[in-house]
Amino acid sequence: MIDATKRLDSDFNLEQDPYRHFFEDAPLSFLVTDRQGCILQVNRMWLNTFGYSFCDLFGENLINFVEFNGIKNFEEFYVHLTSAQKSARGILQVMKRDGSRMTVSVHAAGVSDQEGNLRLVNFVFNNIIEEKLALESPQLLKLKQKISDMSLHQVAELAPTAIIIYCDGVIVFGNSSAANILGLSHKNELKGKRIIDYVHPDYRQNYRNISVETNCNEFKEEKYICIDGKCKDVETALIPFNYKGRAAVYAVIRDISERKRMAEELKKVSKLEGIGLFAGRISHDFNNALAVILGNVSLSKLHINKDNKIYKRLEEIERAVCRAKDLTNRLQTFAKGGEPVRKVTCMTEVINKAVTSAMSGSRVKCYYNFTDNLFLTRIDEGQMSQVINHIIENSLQAMSQKGKIFIGAENIEIDKDCLTSIPLPHGKYLKISIKDQGKGIPEEIIDKIFDPFFSTKQNGNGLGLSICYSILKRHQGFISVESNIGSGTTFYLYIPALQEDIGKLYKREEKILPGKGKILVMDDEESIRTVAGEMLNVLGYKTGFARDGREAIKLYKEEKLKGKPFDAVIMDLTIPGGMGGEKAVKKLRSIDPDVKVIVSSGYFNDPVISNFDDYGFKGRVTKPYKIEEISRELYSVVNGNKD
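For what it's worth, our numbering labels the leading residue of the sequence shown as 2, then goes sequentially.
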């Protein structure tokens with residue numbers, strides 16, 4: 002076997018071979034050898050046709066796989082190639098990997114250097130069409146004959162990669178892909194033009210003083226100037242060679258503008274992820290601080306008459322803290338996404354708060370039309386507020402802060418007889434419509450507005466509406482859009498209606514339920530343990546405290562051995578530097594399978610909070626929690642019901 006390694010390094014770089022990009026996808030079988038017949042490259046069609054792998058052929062001599070008719074040896078064959086014809090045709094047999102033989106026609110063309118020395122030979126193999134097939138399909142015979150007669154330039158026309166050949170700076174050949182990249186209507190428009198005219202001035206130096214000795218056969222990032230004057234990001238490899246006796250350059254050009262755009266988007270995503278982690282941590286710490294404030298406010302209200310002015314001030318503080326909690330919820334939705342943490346909600350309240358926030362300082366007027374007795378829903382208020390807020394902000398931008406927004410809400414029912422294209426199961430839904438008087442969304446892009454990273458805004462990241470779509474989907478709902486140029490845009494939100502006894506569920510939110518028993522509170526922050534303990538004492542519970550999961554497990558075991566077990570445990574999910582609730586609850590359950598643990602966290606949308614029962618918990622409370630909320634959850638867990 003001929004050792005091709007050294008020759009390959011100097012004469013034929015497989016990774017940078019300009020033919021490789023179109024050889025691989027061509028509908029013909031290609032093979033490349035060096036001067037001695039050593040196989041350097043084959044395409045997929047050749048391998049598939051004859052059953053070999055590249056490893057079977059690489060470095061082997063072609064004579065081991067074929068039998069030439071009328072030619073005694075390769076030396077005679079290559080002498081023929083260096084003659085005036087520069088090519089050879091013939092019929093030969095290829096030995097397939099399974100031992101059988103296939104008769105094929107072959108067209109070989111040599112590639113020489115400027116001194117006329119043969120360096121490479123390109124082979125095109127074509128199956129001999131059987132006489133029966135030729136009779137049945139003469140058109141196919143003509144087509145295959147035409148293909149077999151193709152020159153390498155014609156084969157290059159099939160390539161998806163742009164190819165340009167130029168001599169003395171003037172283009173003598175360009176394929177259709179090259180014309181497309183530059184915005185030309187036909188490849189013939191390239192002939193006779195200067196290659197330098199299409200190259201951005203910053204990169205024109207790369208195209209000067211190129212010779213056979215120049216090592217240019219590697220792809221470099223550049224910019225080309227299209228016919229409309231716009232710049233396009235490309236990769237080019239410039240390979241000097243001999244073209245019809247003249248020094249020429251073979252340029253392979255790849256359009257990388259889409260790849261560069263995606264790289265920029267990935268940078269944006271990376272930045273967003275970094276901001277998201279930061280936002281998530283801040284919101285967690287902020288919720289812990291709010292938990293202390295809200296807890297003390299709740300306790301103070303219990304000792305003051307409702308008619309007292311101080312009581313009203315405390316209610317104002319409580320409402321402000323709840324608004325701050327909504328803000329941290331938004332931060333966490335941005336930071337982590339996740340399953341919604343649902344509770345029974347009247348959507349009109351969510352809409353009013355979100356619209357008021359989004360339209361602050363705007364001259365746009367908003368009109369509401371809500372039908373009576375609207376269905377209640379079980380939603381994540383923070384996430385759904387984010388949806389309303391983003392749609393309103395889009396509407397304001399579309400109207401340039403002038404005009405009107407119309408918001409409606411109605412009850413609907415989707416059943417088997419309902420003729421609708423809405424992809425939702427049969428059932429009752431709350432339908433919300435938000436219509437603006439903006440310029441509208443063009444028909445050609447309206448189907449893309451919910452796609453991630455799609456944006457018509459110059460500085461937009463294209464995530465807003467895709468997040469809205471994702472939130473509605475997590476709620477088992479749907480969002481759709483209608484728009485006409487010049488007459489505005491309407492978004493429709495479909496949210497599943499609550500199917501339970503909505504009167505009881507909704508009204509019990511503010512009810513305080515006292516209880517009896519012994520509760521263990523585990524949290525790493527002393528201030529939260531203190532305020533939680535005071536809340537529980539007011540509700541009628543005795544308390545114990547632990548700073549992390551290990552201390553909680555130890556205390557739980559000790560009290561159980563004394564015959565004074567805890568009736569329930571409230572565990573913080575995240576303990577920096579210590580054992581958190583997720584790991585601790587598993588160990589507690591191994592000690593006591595009947596243990597009742599409530600998970601508590603400032604990360605409201607953590608999967609453990611959303612699906613607490615899947616992780617061994619019996620209930621959940623999110624920080625900051627009000628005394629009404631913690632009393633209700635404790636009552637239901639300790640007593641084993643949700644009444």
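For every residue, glycine included, the Cβ atom is placed at its ideal position computed from N, Cα and C.
Rounded Cβ spacing between residue i and residue j (contact assumed at less than 8 Å)
i	j	result
E223	Y251	With a Cβ gap of about 16 Å, E223 and Y251 do not count as contacting.
I529	N289	6 Å
A498	Y430	6 Å
L494	V345	Contact doesn't hold; Cβ gap of about 18 Å is too wide.
V342	S611	6 Å
I182	I254	6 Å
K188	A180	4 Å
Q115	N243	5 Å
K415	L425	According to the sequence provided, residue 415 is Ile. The question's Lys does not apply to it. Confirmed, about 6 Å.
F31	V125	6 Å
Bounding residues of the alpha helix (DSSP H) (the contiguous stretch that carries residue i)
i	result
R45	R45 to F51
R551	G550 to L562
N181	S177 to L183
L63	It is not in any alpha helix (DSSP H) - L63 carries neither H nor E in the DSSP assignment.
K587	G582 to I592
I530	Inspection of the sequence shows that residue 530 is occupied by Arg rather than by Ile. Where R530 is concerned, the enclosing alpha helix (DSSP H) stretches over E527 to L540.
P608	P608 to S611
K354	M348 to A359
E414	Unbroken run through E414 is the beta strand (DSSP E), K405 to I415; no alpha helix (DSSP H).
S55	The residue you asked about is not Ser; residue 55 is Phe in the sequence shown. Counting along the chain, the alpha helix (DSSP H) containing F55 begins and ends at F55 to L58.
L635	I628 to N640
Buried versus exposed, by CB contacts within 10 Å (16 or more), residue i
i	result
A264	exposed
G38	buried
C56	exposed
Y20	At Y20, the pLDDT of 48 sits below 50, so the modelled position is not reliable; the number obtained from the coordinates is stated separately. Buried is the call here.
I631	buried
K133	With a pLDDT of only 37 at K133, under 50, the local geometry of the prediction cannot be trusted, and the value read off the model is given with reservation. So K133 counts as exposed.
L303	exposed
P443	exposed
P202	exposed
K597	buried
I40	buried
P625	buried
L144	Confidence in L144 is poor, its pLDDT being 48 and thus under 50, which makes the residue's placement unreliable; the coordinate value appears in the next sentence. It is exposed - the Cβ of L144 has fewer than 16 other Cβ atoms within 10 Å.
I311	exposed
P241	buried
L29	buried
T372	exposed
K627	buried
Q384	buried
N460	Residue confidence for N460 is low, a pLDDT of 47 falling below 50, so the modelled location carries little weight; the figure read from the coordinates is stated next. With fewer than 16 other Cβ atoms within 10 Å, it is exposed.
Y369	exposed
R621	buried
Interface flag, residue i vs chain C, CB-CB below 8 Å
i	result
T575	Any reference to chain C falls outside this structure, which holds one protein chain only.
Span of the beta strand (DSSP E) around residue i
i	result
K519	G518 to M523
N128	L119 to N128
R98	Element bounds for R98: n/a, residue is neither H nor E.
R621	G620 to T623
D573	A569 to D573
G428	G428 to D437
T372	Segment: none, T372 is in no beta strand (DSSP E) and carries neither H nor E.
L32	S30 to D35
N485	F479 to N485
L494	G489 to P497
Y225	K221 to I226
V598	V598 to S602
C168	A163 to C168
Residue i: CB within 7 Å of a non-hydrogen atom of the ligand ATP
i	result
S488	The model depicted lacks the ligand ATP and carries no ligand whatsoever.
Contiguous alpha helix (DSSP H) assignments of at least 4 residues, all confined to the region 375 to 402: 382 to 399
Touch test, the region 546 to 556 against the region 299 to 316, Cβ-Cβ under 8 Å, three pairs minimum: no
The region 531 to 545 in contact with the region 584 to 593 per 3-pair CB rule at 8 Å: By the Cβ test, the region 531 to 545 is not in contact with the region 584 to 593, since fewer than three Cβ pairs between them sit closer than 8 Å.
The region 475 to 492 contacting the region 357 to 374, beta-carbon criterion three pairs below 8 Å: no
Beta strand (DSSP E) runs contained entirely in the region 229 to 271, provided each spans 3 or more residues: 232 to 244 and 247 to 256
Touch test, the region 400 to 415 against the region 463 to 478, Cβ-Cβ under 8 Å, three pairs minimum: no
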